[in-house]
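Visitor: Below you'll find the structure I mean.
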């Protein structure tokens with residue numbers, strides 16, 4: 077702790093190079109001959125020089141910081157996406173400065189402003205607070221993930237395909253009526269395409285279906301009360317029918333499952349449930365929940381690659397007019413589990 | 077994006093002050109008269125000056141960054157602690173650079189080394205990778221949370237009291253045998269005090285008890301297989317007895333609950349369950365789980381205050397010999413729910 081800081085002058089004195097040469101070594105190492113680079117590197121080792129990255133950032137403009145904005149950690153989906161980004165450090169070396177949404181738009185804007193002042197190299201946005209148009213005007217590369225993305229690069233699950241997969245799976249299992257629970261049908265949100273995929277499949281196949289779109293806020297209590305009320309309507313309306321229920325996310329599907337198990341002492345055969353996301357909750361619920369899995373690690377890796385391409389593009393040719401935004405679509409994978417195929421549970425347990 | 081950067085010279089030209097005065101404004105604002113500060117502030121507004129914090133860090137040594145190391149996001153406890161720290165931004169203004177443990181000690185050390193190079197102002201550590209002795213030797217303030225803390229400031233729950241609270245609650249409800257499930261009895265881990273509190277209460281009150289300490293790694297599958305096997309032993313060994321089971325964390329308690337509900341079609345009256353942490357999983361399980369609640373927001377706030385006190389102490393009088401580490405203990409709160417008091421469930425649902 078009381079170590080004396082090694083200065084440029086110390087290194088110059090030790091190596092008998094000029095301070096200018098030492099400075100060039102740190103800022104444009106390729107401008108120093110290999111032989112001299114080796115001498116300086118050896119001096120740094122002997123002098124026990126500790127790199128001061130902040131000083132280097134000033135000289136080279138590279139902070140290796142990425143800002144990450146997530147709406148909440150209430151839905152386990154966001155926690156798992158964040159976890160996946162944090163783990164990408166081992167692959168790409170970027171550190172993440174994380175903001176988990178408060179309810180205050182003002183706080184989020186202030187945070188972004190601060191991040192800009194810290195010269196983050198890029199920004200990954202899962203929050204819905206700012207429009208992509210506003211995000212595109214920020215002076216750093218931006219990639220959106222499962223949010224409105226008209227003006228920015230983005231990575232999304234093929235939500236339309238996911239909705240179709242869920243409907244087809246439930247139809248194949250002989251359901252008499254297909255039902256979809258969702259809380260948000262706004263077209264600009266990529267997840268709303270799940271509704272379109274589900275609906276189009278039912279229409280194409282002439283299957284009876286019902287959409288139950290009722291908004292809930294991000295509190296467990298409110299989500300639970302909405303889901304349980306909707307479930308009770310379904311129970312009353314379709315007695316005796318085999319009901320295939322596709323729920324917009326695993327957290328909500330788990331609430332539905334718990335409600336049915338509590339009410340009937342188990343999941344009655346006439347109910348089949350499929351969630352969305354393949355988050356941990358779908359595997360750890362009292363009965364493993366079938367789900368349309370988002371490939372989170374592939375999505376975060378794709379987002380990192382898009383962001384890094386933008387970062388490198390800027391360094392190479394500053395001032396180039398922005399190209400059209402790139403939108404990457406990752407296919408989801410249907411994972412059948414016990415809530416739609418009881419025989420699957422018996423095989424795997 | 078093509079905005080021209082406003083330089084010190086621009087501000088000097090605009091205000092007719094010297095560059096030295098402008099520099100003093102940024103680095104030691106108190107050395108500039110109020111009147112002149114106002115003139116400069118107005119100039120910054122007119123010129124649309126964007127602060128470059130990296131440059132200021134160099135001048136003032138304040139990055140407003142805190143490193144946060146969590147072992148995993150598998151146990152929801154760590155996710156909720158991280159969330160609570162991130163939200164403290166609104167109160168204290170610190171940004172968090174987050175590392176979520178990989179299995180590699182090497183990666184964690186490299187990460188810490190990088191954080192040091194970025195001049196973080198402090199470090200909050202929940203991981204168990206490095207000894208507190210090693211952490212204390214780092215050149216920044218460190219606070220530990222629920223980890224070995226001999227040589228560093230720390231905040232822990234009163235785990236001993238929590239173990240006693242759980243035992244007393246189960247004893248008060250007339251259990252014939254008290255049982256504790258845990259996976260880690262290493263004395264240096266604060267959480268192991270839960271075992272001591274539970275045991276001491278049983279001994280003092282001459283209550284029959286059993287400790288079932290079996291390690292599991294941080295995968296759901298392994299945790300589940302250990303918990304279910306242990307549960308089956310208990311079912312066989314104590315037929316007909318009223319069994320009070322205190323489980324070392326809510327995630328494990330939820331697995332136990334699901335196992336019993338699946339096996340018996342509901343939670344039999346002769347089983348009472350109390351978890352630990354009061355994480356979301358305890359409220360969102362199929363039957364709400366009684367738990368010894370950690371006061372996470374108070375813990376993270378206390379940790380921030382300890383860290384900030386260290387940061388300010390260093391600025392004021394650098395070189396002072398380190399005082400003895402401060403260990404703050406936060407009392408837990410027992411929260412009875414339906415797994416130990418079925419009548420509670422009926423009242424609240």
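Residue numbers (the numbering used here), protein chains in the order written: chain A, 77 to 425; chain B, 77 to 425. Idealized CB from N, CA, C, for every residue including glycine.
What would DSSP say about residue 426 of chain A, mapped onto helix, strand or coil?
Guide: Here chain A has residues from 77 to 425 only, and residue 426 of chain A is not among them.
Visitor: Have a look at A/111, A/161, A/88, A/186 and flag the residue whose alpha-carbon is nearest the alpha-carbon of residue 377 of chain A.
Guide: A/161
Visitor: Taking the runs of the beta strand (DSSP E) that are 3 residues or longer, which of them lie wholly in the segment 208-260 of chain A?
Guide: 218-221, 229-233, 253-258
Visitor: Any C-beta of chain B within less than 9 Å: which residues of the segment 158-169 of chain A qualify?
Guide: 158, 159, 162, 163, 165, 166, 169
Visitor: Please tell me whether residue 144 of chain A and residue 228 of chain A are closer than 8 Å, where the distance is taken between their beta carbons.
Guide: no
Visitor: Do residue 146 of chain A and residue 383 of chain A come within 8 Å of each other at the CB atom, strictly closer than that value?
Guide: no
Visitor: Check this for me: beta carbons of residue 224 of chain A and residue 204 of chain A, under 8 Å apart or not?
Guide: Contact: yes.
Visitor: Go through its chain and collect everything with a Cβ distance to residue 369 of chain A's Cβ below 8 Å, but skip five positions before and after it.
Guide: 353, 354, 408, 409, 410, 411
Visitor: Contact defined as beta carbons within less than 8 Å: I believe residue 311 of chain A pairs with residue 171 of chain B. What is the distance between those atoms, to the nearest angstrom?
Guide: Between residue 171 of chain B and residue 311 of chain A the Cβ distance is about 48 Å, and since that is not below 8 Å, they are no contact.
Visitor: State the start and end residues of the unbroken beta strand (DSSP E) segment that holds residue 353 of chain A.
Guide: 347-353
Visitor: When Cβ atoms are compared, which residues of the segment 208-227 of chain A fall closer than 8 Å to chain B?
Guide: 213, 215
Visitor: Which whole-angstrom value describes the C-beta separation of residue 342 of chain B and residue 341 of chain A, a residue pair presumed to lie in contact below a C-beta threshold of 8 Å?
Guide: For a cut-off of 8 Å, the C-beta gap from residue 342 of chain B to residue 341 of chain A is around 6 Å, short enough to register as a contact.
Visitor: Examine the Cβ distances between the segment 284-300 of chain B and the segment 254-267 of chain B and report whether three or more of them are shorter than 8 Å.
Guide: yes
Visitor: How close, in whole Å, do the beta carbons of residue 142 of chain B and residue 177 of chain B come, if the pair is a contact with beta carbons under 8 Å?
Guide: With 8 Å as the limit, residue 142 of chain B and residue 177 of chain B do not qualify as a contact, their Cβ atoms being about 17 Å apart.
Visitor: Taking C-beta to C-beta, are residue 255 of chain A and residue 286 of chain A nearer than 8 Å?
Guide: yes
Visitor: If I'm right that residue 330 of chain B touches residue 365 of chain B with Cβ under 8 Å, what's the distance once you round it to whole angstroms?
Guide: 6 Å
Visitor: Output, in chain order, the set of chain A residues within a Cβ distance shorter than 7 Å of residue 334 of chain B.
Guide: Within 7 Å Cβ-Cβ: 362.
Visitor: Compute the beta-carbon to beta-carbon distance between residue 237 of chain B and residue 230 of chain B, rounded to the nearest angstrom, for a pair I have assumed lies under 8 Å.
Guide: With a Cβ gap of about 16 Å, residue 237 of chain B and residue 230 of chain B do not count as contacting.
Visitor: Which residues in the same chain have their Cβ closer than 6 Å to the Cβ of residue 87 of chain B, if we skip the five residues on either side of it in sequence?
Guide: 98, 119
Visitor: In chain order, which continuous runs of the beta strand (DSSP E) of length 3 or greater are located wholly inside the segment 306-334 of chain B?
Guide: 319-323
Visitor: Using DSSP's beta-bridge definition, name the partner residues of residue 459 of chain A.
Guide: Lying outside 77 to 425, the shown extent of chain A, residue 459 of chain A is not represented and no answer is given.
Visitor: Determine, for residue 138 of chain B, whether the minimum Cβ-Cβ distance to residues of chain A falls below 8 Å.
Guide: Between residue 138 of chain B and chain A, the shortest Cβ-Cβ separation is not below 8 Å.
Visitor: Here's the rule: buried if 16 or more other CB atoms are within 10 angstroms of the residue's CB, otherwise exposed. What is residue 415 of chain A?
Guide: buried
Visitor: Hey, how far is the Cα of residue 344 of chain B from the Cα of residue 299 of chain A?
Guide: Roughly 28 Å separates the two Cα atoms.
Visitor: Compare the C-beta of residue 393 of chain B with all C-beta atoms of chain A and state if any pair is closer than 8 Å.
Guide: Note that residue 393 of chain B scores 49 on pLDDT, short of 50, meaning its location in the model is unreliable; the coordinates nonetheless yield the value given after this. Not closer than 8 Å to any Cβ of chain A, the Cβ of residue 393 of chain B fails to qualify, so no.
Visitor: So, under 8 Å CB-CB, residue 348 of chain B and residue 251 of chain B are touching, yes? Tell me the CB distance rounded to an integer number of Å.
Guide: Cβ atoms of residue 348 of chain B and residue 251 of chain B come within 8 Å of each other, at about 6 Å.
Visitor: Does any residue of chain A bring its CB to less than 8 Å from the CB of residue 92 of chain B?
Guide: Chain A has no Cβ within less than 8 Å of the Cβ of residue 92 of chain B.
Visitor: Measure the C-alpha to C-alpha separation of residue 226 of chain B and residue 209 of chain B and round it to an integer number of angstroms.
Guide: For the pair residue 226 of chain B and residue 209 of chain B, the Cα-to-Cα distance works out to about 7 Å.
Visitor: Excluding sequence positions up to five away, which residues of its chain have a Cβ less than 6 Å from the Cβ of residue 214 of chain A?
Guide: No residues qualify anywhere along the chain.
Visitor: With a 10 Å radius around its C-beta and 16 neighbouring C-beta atoms as the bar for buried, classify residue 234 of chain A as buried or exposed.
Guide: Taking a 10 Å sphere around the C-beta of residue 234 of chain A, we find 16 or more other C-beta atoms and assign the residue as buried.
Visitor: Candidates A/167, A/207, A/361, A/333: which alpha carbon is nearest residue 184 of chain A's?
Guide: Per the C-alpha coordinates, the member of A/167, A/207, A/361, A/333 positioned closest to residue 184 of chain A is A/207.
Visitor: State yes or no: is the beta carbon of residue 435 of chain A nearer than 8 Å to at least one beta carbon in chain B?
Guide: Residue 435 of chain A is absent from the structure shown; chain A starts at 77 and stops at 425.
Visitor: Taking all protein chains shown into account, decide if residue 139 of chain A is buried (16 or more other Cβ within 10 angstroms of its Cβ) or exposed.
Guide: buried
Visitor: Secondary structure at residue 298 of chain A, three-state DSSP: helix, strand or coil?
Guide: helix
Visitor: For residue 142 of chain B, which three-state DSSP category applies?
Guide: strand
Visitor: Taking 8 Å as the CB-CB cut-off, is residue 323 of chain B touching chain A?
Guide: no
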